[in-house]
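My numbering puts the sequence shown at residues 179 to 893.
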Amino acid sequence: MGYIQGTCCALVALIVGSNVPVAAQQTDTTLEEIIVTAQKRAESLQDTPISIAAITARDLENSGIKDLTDLGSEVPNLQVTPHPNSATTAKIFLRGVGNNDDQVTQDPSVAVYLDGVYVARSQGLAMEVAELERIEVLRGPQGSLYGRNATGGAINFITRAPELGKLEGEQKLSFGNYDQFRSRTRLNIPIGDTLAVELAYLRTEKDGYVQNRGTGVDRFGDQRRDAYRAALRWQPSDVLEVRYSYDRSDVNDTPGYIAHVPFYPLKAERPTEGSPAVADLRRNDVSAQGHNLTLSWEAAESLTIKSITGYRKLSNETNQNYHTGVFGPFPIFITAFDSDQKQFTQELQVVHDALDRQLEYVLGVYYFDESADSFDTTSVPRRPRSERTVTVDNKAYAAYAQATYTPAWLDERLHLTLGTRWSRDERKATLQDAVVPAGGAPILGLPGAGDKSFENFSPSAIVRYDLSDATNVYAKVVTGYKTGGYNVRATSVERFNQGFDEENLISYELGLKSTLLEDRLRLNAALFWTSYDDIQINVQSDPNDVSRTDVLNAGKATIKGLELDITARPTRGLSLSLSYAYLDAGYDRILDGSGRDVTDQYHYVNAPKNTIKAGLEYQFPQTAIGSPAFFLDYYFQDKKLSSSTNGNYIVGDYGLLDARITLTDIPVAAGDWSLALYGRNLTDKEYYADHFNAGAPSAYFGEPRTYGIEMAVRF
């Protein structure tokens with residue numbers, strides 16, 4: 179990588195040392211207004227009574243956010259960690275609410291949306307290939323404006339529409355250590371005045387940092403990914419717009435390395451190689467694709483009717499080797515998963531302003547249909563192989579409404595909002611366990627089958643008061659619901675057939691949104707208190723068989739905390755940001771299957787007390803070679819528990835430092851050229867991404883220091 183290091187040094191010297199006088203470039207000293215659509219209409223972030231982190235396209239690029247897992251170090255109170263069975267599957271927690279499992283028979287607690295389409299299974303989500311306009315992370319339950327369950331919150335990926343009447347393209351190339359290579363190509367093609375098409379392709383490669391000394395693939399943790407996207411925008415009149423997109427991603431990563439580690443506060447060193455006893459380590463094979471059709475019709479002044487239709491498919495083959503060579507020449511066990519899933523969603527929205535904008539309301543109906551089948555095996559040396567076949571058939575119906583009334587008195591400073599959602603979920607699942615002796619025929623266990631339905635009514639209320647044109651406060655109470663389901667890893671067929679019931683929570687929040695010092699300081703804060711009931715807890719009932727767990731509606735918890743977001747522009751060219759979250763989560767009561775109080779045996783997971791994200795950006799004056807800028811990000815996370823039944827599983831506190839130097843507007847004859855140097859985890863911090871039981875104390879390590887150079891041209 180010497181050529182990269184040499185180029186990096188030359189670019190730094192060029193940017194910092196150049197003082198060639200050129201025409202001054204005026205930079206605005208005020209903060210840019212951020213527009214969000216969290217409430218189904220375009221409005222300022224500062225007027226939205228929700229604790230929300232809005233990450234713009236520029237922020238995404240400068241922070242190096244490439245996929246869903248990168249958001250975990252970008253938004254305090256958001257935890258995104260790899261799943262032990264598959265590093266391509268993310269566990270998502272928001273404000274301490276989430277799932278520790280990735281079963282197709284269970285719904286996630288944090289809903290993920292791509293242009294309004296709910297993504298039930300986020301493996302292989304092709305967000306990186308799209309021209310993202312922004313990502314909105316909504317903290318807390320979001321029932322009254324969304325058709326699906328969102329007890330923890332929602333993550334919305336919003337793409338930019340193809341541009342009418344404009345032929346343009348972009349090519350980005352990145353090179354870095356660990357043989358990183360990334361190529362992203364995008365082309366926007368106008369067809370007449372009313373139609374435009376956008377085509378994009380992404381190829382990304384990166385070698386893992388743990389060598390496989392055994393047979394099979396060369397390394398653990400390799401990334402080999404391709405993604406494609408085609409988008410169409412048709413606007414035949416001023417009142418009608420049709421948007422269609424197709425995305426596909428193919429992920430051929432190798433399994434992540436699971437290290438054997440001691441219990442906290444001891445910590446292992448980050449591994450660099452596996453055991454020579456590893457045999458036939460295979461790549462994962464994940465393919466995800468989806469269609470989105472959105473029709474927006476302005477039926478009358480201030481009345482918009484929108485239809486969002488989505489169809490997605492997922493093929494997911496993943497493999498994992500657990501601890502080969504740690505306790506002898508054999509692994510503790512090896513798992514292989516092969517699942518297929520498809521989903522169809524249809525949503526109809528009505529957004530209207532009435533009474534001279536004193537009344538704003540949203541009405542919506544929603545339908546969701548999902549089917550899936552899964553086959554997985556667990557192989558333990560010198561023991562019969564276990565096999566499991568699962569099928570799923572889920573349907574969901576919902577109707578939601580939210581209305582905000584602004585009375586004329588009090589100078590229209592008071593805003594009263596009421597919302598509700600009615601939900602019905604119908605869930606079916608089957609299970610067939612089998613044991614396969616060496617050289618023998620499968621021995622089938624008793625088949626399992628479940629068929630349950632759930633209904634829920636989730637109201638919400640918000641009172642917002644504008645203290646001034648630039649400052650408002652709000653108080654809200656909102657309820658959240660997540661449907662029940664089935665647990666394919668249950669300790670018995672009876673446990674599977676029984677399934678588990680829905681969980682509910684009620685959240686109270688006080689918030690402040692303010693823009694101060696002539697739009698040079700933005701300060702937003704939220705205090706929240708959540709009562710969490712009938713929690714779906716995944717527990718290891720048999721410590722000698724970690725492949726078997728039970729899901730219980732085990733009890734009640736209280737979650738409270740604070741979220742603070744500050745952005746400042748103290749002087750021309752300099753921007754500072756600080757986001758802080760405090761979280762206090764704990765179980766109040768847990769009763770086991772026999773009714774005994776076992777609260778003291780459980781621990782609340784993925785809820786670090788303190789998380790901080792700090793950022794600095796400085797735009798240098800324009801030079802003869804372009805416009806240089808410097809970006810610095812720091813993320814800190816407190817220690818957190820990662821096992822609900824064993825307090826020794828703890829991810830220790832850690833901090834990550836990232837930086838980026840850019841040079842834009844490079845004066846080249848053709849096109850708009852830019853150049854960037856980037857580095858992530860610059861201090862090479864060794865830390866656990868997750869700590870868990872996989873037959874022995876185990877951990878995924880976070881990535882070591884990575885760095886590289888990126889070149890881009892727009893034409």
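The beta carbon of each residue, even a glycine, is placed where N, CA and C say it ideally should be.
Expressed to the nearest angstrom, what Euclidean distance is found between the alpha-carbon atoms of residue i and residue j?
{"i": "residue 619", "j": "residue 613", "result": "9 angstroms"}
{"i": "residue 599", "j": "residue 591", "result": "27 angstroms"}
{"i": "residue 848", "j": "residue 394", "result": "46 angstroms"}
{"i": "residue 289", "j": "residue 318", "result": "11 angstroms"}
{"i": "residue 203", "j": "residue 799", "result": "Any reading at residue 203 must be qualified, since the residue scores a pLDDT of 36, below 50, and its modelled position is unreliable; no value is offered."}
{"i": "residue 688", "j": "residue 742", "result": "12 angstroms"}
{"i": "residue 473", "j": "residue 550", "result": "28 angstroms"}
{"i": "residue 726", "j": "residue 588", "result": "60 angstroms"}
{"i": "residue 617", "j": "residue 509", "result": "20 angstroms"}
{"i": "residue 874", "j": "residue 625", "result": "31 angstroms"}
{"i": "residue 222", "j": "residue 892", "result": "29 angstroms"}
{"i": "residue 556", "j": "residue 497", "result": "10 angstroms"}
{"i": "residue 565", "j": "residue 669", "result": "14 angstroms"}
{"i": "residue 364", "j": "residue 253", "result": "28 angstroms"}
{"i": "residue 205", "j": "residue 406", "result": "The predicted model places residue 205 with a pLDDT of 45, which falls under 50 and marks its position as unreliable; any figure quoted below should be read in that light. Computed Cα separation, rounded: 36 angstroms."}
{"i": "residue 438", "j": "residue 829", "result": "14 angstroms"}
{"i": "residue 452", "j": "residue 358", "result": "21 angstroms"}
{"i": "residue 149", "j": "residue 559", "result": "Residue coverage of the chain in this structure runs from 179 to 893, which leaves residue 149 outside it and unanswerable."}
{"i": "residue 326", "j": "residue 677", "result": "20 angstroms"}
{"i": "residue 403", "j": "residue 390", "result": "20 angstroms"}
{"i": "residue 216", "j": "residue 316", "result": "8 angstroms"}
{"i": "residue 523", "j": "residue 286", "result": "16 angstroms"}
Among the residues of its own chain, which have a CB less than 7 angstroms from the CB of residue i, if the five just before and after it don't count?
{"i": "residue 355", "result": "179, 884, 885 and 886"}
{"i": "residue 760", "result": "739, 740, 787 and 788"}
{"i": "residue 514", "result": "497, 554 and 555"}
{"i": "residue 844", "result": "803, 804, 851, 852 and 853"}
Using the rule of at least 16 other Cβ atoms within 10 Å of the residue's Cβ for burial, across every protein chain shown, is residue i buried or exposed?
{"i": "residue 343", "result": "exposed"}
{"i": "residue 657", "result": "buried"}
{"i": "residue 706", "result": "buried"}
{"i": "residue 888", "result": "buried"}
{"i": "residue 772", "result": "exposed"}
{"i": "residue 447", "result": "exposed"}
{"i": "residue 382", "result": "buried"}
{"i": "residue 417", "result": "exposed"}
{"i": "residue 170", "result": "Here the chain covers residues 179 to 893 and nothing more, so residue 170 does not appear."}
{"i": "residue 693", "result": "buried"}
{"i": "residue 806", "result": "buried"}
{"i": "residue 210", "result": "exposed"}
{"i": "residue 846", "result": "exposed"}
Take residue i as the anchor and find which of the options has the nearest alpha-carbon.
{"i": "residue 230", "options": "757, 296, 208 and 609", "result": "757"}
{"i": "residue 738", "options": "766, 386, 404 and 241", "result": "766"}
{"i": "residue 709", "options": "694, 703 and 734", "result": "734"}
{"i": "residue 300", "options": "563, 666 and 247", "result": "247"}
{"i": "residue 392", "options": "286, 850, 214 and 501", "result": "501"}
{"i": "residue 643", "options": "583, 461 and 667", "result": "583"}
{"i": "residue 426", "options": "450, 865, 464 and 648", "result": "464"}
{"i": "residue 292", "options": "476, 278 and 336", "result": "336"}
{"i": "residue 245", "options": "711, 214, 310 and 490", "result": "310"}
Excluding the 5 residues flanking residue i on each side, which residues of the same chain have their C-beta closer than 6 angstroms to its C-beta?
{"i": "residue 553", "result": "516 and 567"}
{"i": "residue 528", "result": "483 and 541"}
{"i": "residue 481", "result": "530"}
{"i": "residue 755", "result": "745 and 793"}
{"i": "residue 763", "result": "274, 737, 782 and 785"}
{"i": "residue 808", "result": "796 and 839"}
{"i": "residue 945", "result": "The chain is shown from 179 up to 893; residue 945 falls before or after that span and cannot be answered."}
{"i": "residue 419", "result": "413 and 474"}
{"i": "residue 377", "result": "365 and 408"}
{"i": "residue 424", "result": "408 and 469"}
{"i": "residue 602", "result": "575 and 633"}
Is there at least one Cβ from chain C nearer than 8 angstroms to residue i's Cβ?
{"i": "residue 666", "result": "Protein chain content of the structure displayed is limited to a single chain, and chain C is not contained in it."}
For residue i, which residues from the same chain have a beta carbon less than 8 angstroms from its beta carbon, with the 5 sequence-adjacent residues on both sides left out?
{"i": "residue 207", "result": "698, 747, 749 and 750"}
{"i": "residue 858", "result": "242, 834, 836, 881, 883, 884 and 885"}
{"i": "residue 827", "result": "441, 442, 819, 820, 821, 869, 870, 871 and 875"}
{"i": "residue 322", "result": "578, 579, 580, 597, 598, 599, 636, 637, 638 and 656"}
Complete runs of the beta strand (DSSP E) confined to the segment 434-519 [at least 3 residues] = 463-478 and 481-500
Whole runs of the beta strand (DSSP E) within the segment 641-688, excluding any shorter than 3 residues: 649-660
Practice prompt. Output the residue ranges of the beta strand (DSSP E) runs that lie fully inside the segment 513-597 and measure 3 residues or longer, sorted by chain position.
Written response: 537-557 and 563-583
Exercise. Which whole runs of the alpha helix (DSSP H) in the segment 234-293 are 4 residues long or more, in chain order?
Worked result: 235-241
Next on the checklist: Going residue by residue through the segment 810-879, where are the continuous beta strand (DSSP E) segments of at least 3 residues, counting only ones entirely within it?
Outcome noted: 832-844, 850-858, 866-871 and 875-879
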